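Before any comments, here is the structure.
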Amino acid sequence: QVNVGQDPENHLFPPHNISRRSRIKGLITIMEGCDNYCTYCIVPFTRGRERSRPWEDIVAEAQRLADNGTKEIELLGQNVNSYYSTISFAELLRKLNEIEALEVVRYVSPHPKDFDRDVIETLRDCPRIATNIHLPAQSGNSRILKRMGREHTREHYLEKVAMIREVLGNNCSLTSDFIVGFPGELEKEFNDTVTLLQDVGYDRIFSFMYSPRPGTGAIKHGDPVPQEEKSRRLQILQQTQNELQKERMTGRIGRDYQVLVDTLKPEDRFPVAGRTRDNILVHLEAKGAPERYFGRNLAVKITGAGLHTLRGQIIED
């Protein structure tokens, strides 16, 4: 990790390194680069070593956005929680939590190795910090994880998940990334990935078939798993997740959430939509003009569930 501080390379983090997605959302890049060298990934060779933006600049940028009406910011980095300047990622989150005009602070994409108890307890203690945790596993088998150059085993990963559940309980969502058909992956090793889904209980996954990338460490292994087999494994993994996900989404019915409204669809039956603190999309019934809800953080009761989204009623108007 490199703290750029007053380094000349600070041009990588210009003062207005912001992309506004709507009137209420803003993006802030807090770090660039990657030091991990996973064998399937080209990012370290294209983005270079990890470089973190000074925390004072980040907080000042977030405050300016909040002063201009932004309600939600999202912190960006290849390994966003590997951030370190003169303070840690957890300390940065705590400072951003103090900006009263903000409703939600999100971040992508974290790395499991740096997702420690300090970060998890920060999510518990700071009501403005989002509790959707994206924890890329990539595989559920320790031999394949080592072959991928990942810095965790299956056992270490499950210990991390257990710590999250211990501290946050049901007040969070867990998502992950997976690659099937990595060179040398045996059927029994793929099955370890399927059982990891069952052991963790993810709210959503992003899954892909392995594809060789020139310049990566894994290229020397070729691409021995046939395309048809990779496709079969991907289908099994996604079907397994769909069944688990449906159950988890249904389990949210009857619960109350805060939903930050960021979408209006006046012609729809559910003309208002937004996301919970743990990043689940909720479509809402509206009383009166939908426009009056935009940008508000509403108390909502969940009344229905689909595979990817929820439906709800506004409790307080």
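Count along the sequence shown from 1, add 13, and you get the number used in the working numbering. For each residue, glycine too, the CB sits at the ideal point set by N, CA and C. Please read all numbers here as calculations on a predicted model, not as lab measurements.
> What is the rounded straight-line gap between the Cα of Y120 and the Cα of F102?
Replying inline: What you label residue 120 is simply residue 107 of the sequence shown in a count that begins at 1. What you label residue 102 is simply residue 89 of the sequence shown in a count that begins at 1. Cα-Cα distance, rounded: 11 Å.
>> To the nearest angstrom, how far is the alpha carbon of I327 from that of K38?
In response: Within the sequence shown, numbered from 1, the residue matching residue 327 stands at position 314. Within the sequence shown, numbered from 1, the residue matching residue 38 stands at position 25. So the two alpha carbons sit approximately 22 Å from each other.
> Do you know offhand how far K108's Cα is from Y306's?
Replying inline: In the sequence shown, counting from the first residue as 1, residue 108 sits at position 95. In the sequence shown, counting from the first residue as 1, residue 306 sits at position 293. C-alpha separation (whole angstroms): 28 Å.
> Helix, strand or coil for T59 per DSSP?
Replying inline: Along the sequence shown, read from residue 1 onward, the residue named residue 59 stands at position 46. Helix, per DSSP.
>> Considering just the uninterrupted stretch of the alpha helix (DSSP H) at T206, what are its terminal residues?
In response: As a first step, residue 206 must be located in the sequence shown, where it is residue number 193. Per DSSP, T206 belongs to the alpha helix (DSSP H) from 200 to 213.
> To the nearest angstrom, how far is it from the Cα of G317 to the Cα of I142?
Replying inline: Within the sequence shown, residue 317 is the residue found at index 304, counting from 1. Within the sequence shown, residue 142 is the residue found at index 129, counting from 1. Computed Cα separation, rounded: 26 Å.
>> Within a Cβ cutoff of 6 Å, which residues of the same chain sit near E87, ignoring the five residues on either side of it in sequence?
In response: Position 74 of the sequence shown, counted from the first residue, corresponds to residue 87. Once the five neighbours on either side are set aside, the close Cβ partners of E87 are L40, R119.
> Which residue from L181, V213, V272, E179 puts its Cα closest to that of E298?
Replying inline: Within the sequence shown, residue 298 is the residue found at index 285, counting from 1. When only C-alpha atoms are compared, the closest one is V272.
>> For Q240 and R217, what's the separation of their Cα atoms in angstroms?
In response: As a first step, residue 240 must be located in the sequence shown, where it is residue number 227. As a first step, residue 217 must be located in the sequence shown, where it is residue number 204. Spanning the two alpha carbons is a distance of roughly 24 Å.
> Taking C-beta to C-beta, are M222 and V193 nearer than 7 Å?
Replying inline: On the sequence shown, residue 222 is found 209 positions in, with the first residue counted as 1. On the sequence shown, residue 193 is found 180 positions in, with the first residue counted as 1. It is a contact, given that the beta carbons lie within the stated cut-off.
> T99 to E179, Cα distance in whole Å?
Replying inline: Within the sequence shown, the letter at position 86 stands for residue 99. Within the sequence shown, the letter at position 166 stands for residue 179. Cα to Cα, T99 sits roughly 29 Å from E179.
> Nearest CA to the CA of G90: which residue from P123, D129, A79?
Replying inline: Position 77 of the sequence shown, counting from 1, holds the residue named residue 90. Closest by alpha carbon: P123.
> Does the distance from the C-beta atom of F195 to that of S220 stay below 7 Å?
Replying inline: As a position in the sequence shown, residue 195 is number 182, starting the count at 1. As a position in the sequence shown, residue 220 is number 207, starting the count at 1. Not in contact: F195 and S220 (Cβ atoms no closer than 7 Å).
>> Here's the rule: buried if 16 or more other CB atoms are within 10 angstroms of the residue's CB, otherwise exposed. What is T208?
In response: Within the sequence shown, numbered from 1, the residue matching residue 208 stands at position 195. T208 comes out exposed.
> K314 bridges to which residues according to DSSP?
Replying inline: Walking along the sequence shown from the start, residue 314 turns up at place 301. DSSP lists D269, Q326 as partners of K314.
> So, using beta-carbon positions, are Y53 and A231 closer together than 7 Å?
Replying inline: Residue numbering aside, residue 53 sits at position 40 when the sequence shown is read from its first letter. Residue numbering aside, residue 231 sits at position 218 when the sequence shown is read from its first letter. Yes, they are a contact pair.
> Should F128 be labelled buried (16 or more other beta-carbon atoms within 10 Å of its own) or exposed?
Replying inline: Residue 128 sits at position 115 when you count from the first residue of the sequence shown. Classification of F128: buried, given that the 10 Å Cβ count is 16 or more.
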